[in-house]
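Working notes, beginning with the structure itself.
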Amino acid sequence: MTTDTKLIRTVFPAHCGIDACGILAHVKKDRVVKVEPAEFPDPKYRRICLRGLSSLGITYHPDRLKYPMKREGQAMHFGDLNDPDSNVSKLVKSRNAFQLKPDENTGPCVYYCPPGKPRGL
């Protein structure tokens with residue numbers, strides 16, 4: 003590890019159905035450059051699954067999701083909730099939209115818009 007690289011202990015969320023992987027992220031210039039299993043008192047917990055190892059590829063992939071989306075008529079649309087003129091902002095405001103799973107810190111990006119005719123669009 004070079005002096006300009008910081009080690010940050012974090013987790014990769016459970017996408018494999020087992021548990022979250024405890025990881026040590028090597029961060030250089032505000033970008034994760036390497037991940038490895040974090041140290042644990044019991045060595046049997048020092049592990050990282052293939053999905054955790056591939057998290058760098060997912061995080062920085064050019065086709066990753068970068069903006070909030072709306073799904074209407076079985077189609078996904080991108081938009082900016084901070085822009086009051088974006089389609090996503092208009093849809094959230096025009097319907098009785100509510101945040102999904104706020105206890106899991108999904109906000110303000112994940113909303114459910116009940117079916118029905120939008121008001122004012």
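The number in my numbering is simply the position in the sequence shown, starting from 1, with 2 added.
Virtual Cβ for every residue (Gly too), placed ideally from N, Cα, C.
Predicted model, so just to flag it, every value in this text is computed and none were measured.
Backbone secondary structure at residue i - three-state DSSP
i	result
T5	coil
L83	coil
R139	The shown model of the chain, from 3 to 123, leaves out residue 139, and the question about it has no answer.
K46	helix
L102	coil
Of the residues the options, the one placed nearest residue i, counting alpha carbons only
i	options	result
S88	Y69, E106, S57	Y69
R33	E106, K103, R49, T61	T61
P116	A27, S96, D6	S96
R11	K46, A40, I50, D65	A40
Contacting residues, own chain, Cβ-Cβ under 6 Å from residue i (five flanking each side not counted)
i	result
F14	C23, I25, G54, S57
Own chain residues within Cβ distance below 8 Å of residue i, not counting five before or after
i	result
F100	Y113, Y114
Test item: CB-CB of residue i and residue j under 8 Å
i	j	result
D82	V94	no
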